[in-house]
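Which chain is which? The protein sequence lines are A and B, in order. The first sequence begins at 0 in numbering that gives the first Met the number 0 and counts up one residue at a time. The second sequence begins at 0 in numbering that gives the first Met the number 0 and counts up one residue at a time. Beta carbons are placed, not taken as given, at the ideal position from N, Cα and C, and that holds for glycine. One structure is given below, encoded as structure tokens.
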Amino acid sequence: MTTRANLVYLIALPLFSSAFLMLLGKIANKWGHFFATAISASTFGIGIVEFIAMRSRSGDARAATQHLFEWISVGTFRVDASLLLDQLSICFVLLITGVGTLIHIYSIAYMSHDVDRRRFFAYLNLFIAAMLLLVLGDSYLNLYVGWEGVGLASYLLIGFWNQKPAYATAAKKAFVANRVGDVGLSLAIMIAFTQFGSVTFAGVKDGAPHASAAALTAIGAMLLLAAAGKSAQFPLQSWLGDAMAGPTPVSALIHAATMVTAGVYLITRSNFIFDASSTARLLVVIVGAITLLFGAIVGTAKDDIKKALAASTMSQIGYMILATGLGPVGYAFAIMHLLTHGFFKASMFLGAGSVMHGMDDEVNMRRYGALGKVMPITAITFGLGYLAIIGVPPFAGFYSKDKIIETAFNAGGTKGILLGGAALLGAAITAFYMTRVFVLTFMGKKRWDDKAHPHESPSLMWIPMVLLSLGSVASGYLLSKGSALVHWLAPVVNSSNAEGGAELMKPIVVSALALGVVVLGVATAIIKYGRSVPIEAPAGSALTRFARRDLGQDDLNHQLLVLPGQAITRTLVATDFGFIDGVVRAVGWTLAYLSQSLKKIQNGYVRSYALLMTAGAIALLVTIWLVTL
Amino acid sequence: MDISNYIYLSAILFVIGAIGVVVRRNAIVVFMCVELMLNAANLAFVTFSRIHGNLGGQIASFFTMVVAACEVVVGLAIIVTMYRSRRSASVDDASLLKR
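Take a look at the structure:
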């Protein structure tokens with residue numbers, strides 16, 4: 000362990016900038032976005048410096064800590080606000096600040112017509128600060144603060160245009176779904192505390208081998224619930240599609256590249272829990288496999304370009320979750336896919352934003368077509384991201400996704416065949432729907448009317464897109480060259496003692512299979528959408544209609560949660576009115592009635608008062624006499 | 000003479016006073032009846048003092064007298080003021096506090 004003194008600035012700078020811009024008000028309207036971008040870039044600078052410093056150290060000294068202050072001290076329970084920057088955190092720090100800075104730059108142009116641009120940048124910086132705290136915290140409690148912070152930033156940014164009620168509702172939906180996951184995380188922390196008496200990663204790691212299997216499984220399941228909420232995994236996936244209500248740079252940064260991958264980080268960080276509980280691992284792979292297929296199927300049916308990309312995000316995170324559930328050998332591949340996905344999905348989302356920018360915020364892909372001619376840079380950068388996500392060699396997605404499919408097949412037995420098959424099927428569907436998105440948007444005949452004047456976006460927008468697309472070309476090769484990332488992460492995820500499962504198929508066979516299904520998917524999409532596309536969506540088969548409704552996720556939630564919830568609320572309201580209010584009112588009415596009757600004796604005549612007093616005295620005397628008799 | 004006769008006398012005086020307070024309308028007379036009740040109580044005090052052979056009752060009767068004197072001062076002042084403003088000393092006319 001090394002002590003570093005500068006880690007806190009990673010969080011403090013953007014946090015300060017966020018508060019500064021929000022408090023300063025309109026004065027900062029002219030330069031607030033440049034300030035926020037500079038701050039974001041400076042965190043990236045710190046990240047680079049720390050990365051270089053970390054590379055120059057070796058062994059155990061690579062992980063760096065910084066103790067900030069004693070946060071909670073109750074009896075023997077003590078939580079410090081401390082930061083931990085290890086091999087895993089630095090991957091995230093570089094991704095968050097790097098992609099974050101590019102998206103800040105992009106947003107300067109994208110949001111240039113928005114009156115609230117300063118507020119937007121303040122929220123973006125708040126997100127950067129919270130996300131960095133999430134990945135830098137050295138205990139579950141510190142992580143939890145960041146976890147809630149990114150939830151807040153996500154809520155604020157989804158509802159950034161909250162003057163539209165649908166967008167405000169989408170923000171609320173995301174927040175509520177995230178809360179369910181947050182409950183999972185807080186329960187996991189509580190169980191960990193009762194079991195280990197500590198909530199730091201190191202403390203829990205030390206205690207994990209001695210804990211009971213039931214406790215470990217419970218913690219694992221609760222952590223998975225938390226991951227499902229934040230990463231839009233089954234069964235808490237329903238918010239991600241609606242989250243596309245936020246401005247497109249937000250969708251690229253928060254709902255594609257970084258925040259939604261927090262669940263993968265959480266599971267990878269808690270590898271010692273999942274390594275010790277095979278039941279928890281099984282739950283993780285089930286959730287991952289279901290979600291990767293779920294997202295892919297939804298993606299095939301969406302005509303809204305952002306929602307198609309959101310479904311694809313869900314599906315790709317499904318791959319990562321699946322990989323984390325495969326044990327020590329899978330974590331590095333999950334993180335690799337996370338990093339490459341960060342590049343290519345952000346690149347594609349920014350491309351989608353660029354298209355929307357040129358098309359007056361039209362999102363329906365059926366009204367695009369032939370945009371490749373008028374927006375060549377967008378088309379090329381989007382195309383590179385597209386080739387990366389479907390896994391065409393030598394683009395980034397090929398290296399990362401291929402490894403996950405291979406590892407899934409090697410999981411052993413029927414489980415391996417099922418998981419590998421699901422991952423392979425997912426790859427085929429991914430190829431299909433991403434080709435559909437690309438063809439509908441950039442190729443074919445133009446389907447927009449003459450009112451639209453699509454044009455290439457300004458350089459502030461296409462430069463980040465070009466840089467990200469370079470990442471989506473090269474990152475896969477660089478990260479997997481000589482298993483660089485696997486070796487880099489080995490000390491954190493303990494993969495050195497991973498028992499490599501029996502190889503079901505040779506890696507080259509898996510790659511060939513994966514490439515085969517990708518070609519199949521691409522070909523199907525080109526045959527189906529290459530020639531002519533109706534502007535109005537055809538009715539489609541029952542499955543298509545079902546997929547358009549997000550495979551009934553909202554209907555299911557409505558039937559399973561909303562309606563019973565409303566029934567309970569109505570019953571409670573009725574009980575409140577009928578019973579509780581009734582009792583209170585009855586008491587009031589009785590007293591009022593009695594008072595009305597008693598009022599009559601207050602007639603103002605002194606003599607009647609005297610008579611009453613006398614009568615009362617006599618009655619008292621008689622009572623005493625009778626009692627003492 | 001049996002000392003309990005004083006108690007009976009005291010009780011009779013008290014009852015006469017109480018009846019007077021309740022049935023008479025003239026404030027002066029009501030006032031006199033109140034005094035009668037107080038004096039009935041005084042008589043009882045003194046009698047019990049005699050029966051028990053200590054001075055507690057006699058002291059209490061002094062207190063009563065002092066209070067009664069004060070009460071007369073205040074009460075008569077009220078009655079006179081009332082009479083001046085309303086040209087009547089009837090207690091039934093002074094019923095403005097009714098509901």
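To the nearest angstrom, how far is it from the Cα of residue i to the Cα of residue j?
i         : j         : result
LEU370(A) : VAL283(A) : 40 Å
ALA52(A)  : ALA62(A)  : 11 Å
ALA169(A) : ALA60(A)  : 45 Å
VAL491(A) : THR1(A)   : 15 Å
THR80(B)  : THR589(A) : 42 Å
SER468(A) : GLN565(A) : 47 Å
ALA345(A) : ASN28(A)  : 27 Å
VAL521(A) : LEU186(A) : 44 Å
LEU83(A)  : GLN65(A)  : 7 Å
ALA489(A) : HIS356(A) : 43 Å
GLY294(A) : GLN558(A) : 21 Å
THR42(A)  : GLY412(A) : 46 Å
ALA80(A)  : MET130(A) : 16 Å
VAL586(A) : ALA573(A) : 19 Å
PHE76(A)  : LEU291(A) : 40 Å
SER311(A) : PHE192(A) : 37 Å
VAL516(A) : GLY74(A)  : 59 Å
MET504(A) : GLY420(A) : 13 Å
PHE332(A) : ASN493(A) : 13 Å
SER682(A) : ARG24(B)  : With chain A covering only 0 through 628, there is no way to say anything about residue 682(A).
THR570(A) : GLY577(A) : 10 Å
VAL65(B)  : TYR592(A) : 44 Å
TRP447(A) : ILE376(A) : 19 Å
At what residues does the beta strand (DSSP E) containing residue i begin and finish?
i        : result
GLN65(A) : 63-73
ASP79(A) : 76-84
By Cβ distance below 8 Å, which residues in the same chain neighbour residue i in space, the five residues on each side in sequence not counted?
i         : result
ALA483(A) : LEU477
ALA167(A) : GLY158, ASN161
TYR674(A) : Since the displayed chain A opens at 0 and closes at 628, residue 674(A) lies outside it and no answer follows.
VAL7(A)   : GLN65, LEU67, LEU82
ARG548(A) : ASP554
GLY19(B)  : VAL28, VAL29, MET31, CYS32, LEU35
GLY287(A) : GLN232, GLY317, TYR318, MET319, ILE320, LEU321, ALA322, THR323, GLY324
VAL373(A) : GLY357, PRO453, HIS454, GLU455
Let me know if residue i comes out buried or exposed under the rule of 16 or more other beta-carbons within 10 Å of its beta-carbon.
i         : result
MET313(A) : buried
VAL22(B)  : exposed
VAL561(A) : exposed
CYS32(B)  : buried
PRO208(A) : exposed
ASP85(A)  : buried
CYS69(B)  : exposed
ASN124(A) : buried
ASN409(A) : buried
TRP238(A) : buried
ARG118(A) : buried
PHE84(B)  : It is Ser, not Phe, that sits at residue 84(B) in the sequence shown. By the neighbour-count rule (16 or more Cβ atoms within 10 Å), SER84(B) is not buried but exposed.
ILE567(A) : exposed
Counting along the chain, where does the alpha helix (DSSP H) carrying residue i start and finish?
i         : result
HIS340(A) : 327-357
LEU291(A) : 277-300
HIS557(A) : Here HIS557(A) belongs to no alpha helix (DSSP H), and DSSP marks it neither H nor E.
ILE78(B)  : 55-85
THR260(A) : Taken as a continuous stretch (DSSP letters only), THR260(A) belongs to no alpha helix (DSSP H), as it is neither H nor E.
PRO13(A)  : 6-23
GLU34(B)  : 26-51
LEU370(A) : 370-373
ILE403(A) : 395-408
HIS32(A)  : 31-55
Which same chain residues, not among the five before or five after residue i, have their C-beta less than 7 Å away from its C-beta?
i         : result
ILE107(A) : HIS32, THR36, LEU459
ILE188(A) : TYR139, LEU140, TYR143, VAL198
ARG629(A) : Here chain A comprises residues numbered 0 to 628, so residue 629(A) is not present and cannot be evaluated.
LEU265(A) : LEU222, ALA225, ALA226
Just to confirm my understanding: we take residue i, look at its own chain, exclude 5 residues before and 5 after, and list those with CB closer than 6 Å. What are they?
i         : result
MET243(A) : SER250, LYS305, LYS306, ALA309
LYS204(A) : PHE271
ALA43(B)  : SER9
GLY46(A)  : VAL92, LEU93, THR96
LYS229(A) : GLY180, ALA261, GLY262
* Asked: Going along the chain, which unbroken runs of the alpha helix (DSSP H) with 4 or more residues stay wholly within the segment 181-238 of chain A?
  -> You should have 200-206, 212-229.
* Which ranges would you report for the alpha helix (DSSP H) in the segment 425-481 of chain A if only whole runs of at least 4 residues count? -> You should have 458-479.
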